[in-house]
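Visitor: Please find one structure pasted underneath; my questions will follow.
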Amino acid sequence: MTIKIDTLVTELIEASEVSPDITIECFKSYTFDFKSIEKYGSWLPKDYTRNLIHRTNKFELILLCWDGNANTLPHDHNGHFCAMHIIAGKLTERIIPGKGNCRVPGKNHTYNEGDFSLIDHSDRIHSICNLSEERAVSLHLYMPPIDVCSIYQDNGQKLKTKKLSYTTKRNYKNYE
Ligand SMILES: [Fe+2]
């Protein structure tokens with residue numbers, strides 16, 4: 027079912043007062059086309075952008091816009107929930123060796139438009155890659171919001187701690 031993003035935000039706020047599981051179910055049950063959320067996006071050449079749609083102390087909803095061949099560095103989610111919808115294009119998850127993996131390290135998993143993926147409280151280390159020349163767009167729900175994560179080498183060795191920031195938050199009105 028497709029709804030407006032504002033409606034999703036309202037429902038996520040209500041669900042997040044109940045439980046993380048209910049919030050994930052709410053997020054999972056809707057689909058979005060890029061046209062309906064295009065205004066939240068922004069683009070950088072050969073890179074990805076993090077565009078804040080909404081944030082409370084329980085969750086943050088972010089639109090990621092991936093230019094062709096844009097990749098993240100290997101990272102963890104600091105033990106937070108993360109759910110991802112692929113809005114447009116294809117994204118590939120590469121699992122890095124580490125203690126929290128639920129998939130085989132070194133293997134790639136490709137998500138197509140419309141696919142949903144959940145990372146629960148594991149310490150999974152991964153990188154997300156747009157292996158195509160085409161742009162991709164994904165909608166991410168983090169619970170609670172993630173302000174800091176760790177960056178790793180390809181062999182799973184920790185490199186540094188990284189403070190996360192938003193490329194844009196132009197449609198966001200209540201950021202503290
Ligand atoms: Fe991630």
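Under my numbering, the first residue of the sequence shown is numbered 27, with each subsequent residue one higher.
Even for Gly, the Cβ is constructed at its ideal location relative to N, Cα and C.
1. Contact check, Ile151 vs Gly105 under 8 Å by CB: the rounded distance?
2. At what residues does the beta strand (DSSP E) containing Pro114 begin and finish?
3. Let me check you understand the geometry: is the CB of Ile121 closer than 7 Å to at least one non-hydrogen atom of ligand 1?
4. Straight-line CA distance for Ser62 to Lys30?
5. On the criterion of 16 or more Cβ atoms from any shown chain inside 10 Å, does Glu51 qualify as buried, or is it exposed?
6. Under the DSSP definition of a beta bridge, which residues are partnered with Ser164?
7. Take Ile72 as the anchor and find which of Ala109, Glu160, Asp173, Lys186 has the nearest alpha-carbon.
8. Does the distance between the C-beta of Cys91 and the nearest non-hydrogen atom of ligand 1 fall short of 7 Å?
9. What is the rounded straight-line gap between the Cα of Gly140 and the Cα of Lys184?
10. DSSP state of Ser153, grouped into three classes?
11. Tell me the DSSP secondary structure of Leu38 in three-state form.
12. Note the first and the last residue of the continuous beta strand (DSSP E) segment covering Thr75.
13. For Asn134, count the other beta carbons within 10 Å of its own beta carbon; 16 or more makes it buried, fewer makes it exposed. Which is it?
Guide: Concretely, from the data shown:
1. With a Cβ gap of about 12 Å, Ile151 and Gly105 do not count as contacting.
2. Just to set this straight, residue 114 is Ala in the shown sequence, not Pro. First-last of the beta strand (DSSP E) with Ala114: 107–114.
3. no
4. 7 Å
5. exposed
6. Leu90, Ile112
7. Note on residue identity: the sequence assigns Lys, not Ile, to residue 72. For the residues Ala109, Glu160, Asp173, Lys186, the minimum Cα distance to Lys72 belongs to Glu160.
8. no
9. Their Cα atoms are separated by approximately 32 Å.
10. strand
11. helix
12. 74–81
13. exposed
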